[in-house]
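*Asks:* Got a structure for you, written out below as structure tokens; questions coming shortly.
Below, the structure written as structure tokens:
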């Protein structure tokens, strides 16, 4: 029997530590899912939709960046996006020193 078949028999309901992920919000506001058992391994997919192997993934790769989408009924819980105004930066006026 293969190792994968044995693992499925051992943890049929997905309760092993390999099935637990830590959600990380990145600087660019994307979400990455890191393995709780193997630190530094992330959930990722290639451009064709195939899963990437854990050791081949890094936090800065686009393959591991995800955006959250809430179900239709829970959209109200999400905060609306707000625009802020930015004033044009004026030129700095240097103080005159008595000479």
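In the working numbering, the protein residues as written are 2 to 100.
Every residue gets a Cβ at the ideal spot worked out from N, C-alpha and C, and that includes glycine.
Could you give the first and the last residue of the continuous beta strand (DSSP E) run that contains residue 97?
*Replies:* Taken as a continuous stretch (DSSP letters only), residue 97 belongs to no beta strand (DSSP E), as it is neither H nor E.
*Asks:* Quick one: using the 10 Å Cβ neighbour count with 16 as the cut-off for buried, is residue 74 buried or exposed?
*Replies:* exposed
*Asks:* Could you compute how far the alpha carbon of residue 97 sits from the alpha carbon of residue 43?
*Replies:* 58 Å
*Asks:* Give the single residue among 99, 92, 29 and 54 whose Cα lies nearest to the Cα of residue 67.
*Replies:* 29
*Asks:* Out of 20, 32 and 45, point me to the one whose CA is closest to residue 70's CA.
*Replies:* 32
*Asks:* Taking the Cβ atom as the reference point for each residue, do residue 38 and residue 24 lie within a distance shorter than 7 Å?
*Replies:* no
*Asks:* Using only the alpha-carbon positions, how far apart do residue 55 and residue 95 sit?
*Replies:* 56 Å
*Asks:* Nearest CA to the CA of residue 50: which residue from 41, 58, 64 and 60?
*Replies:* 64
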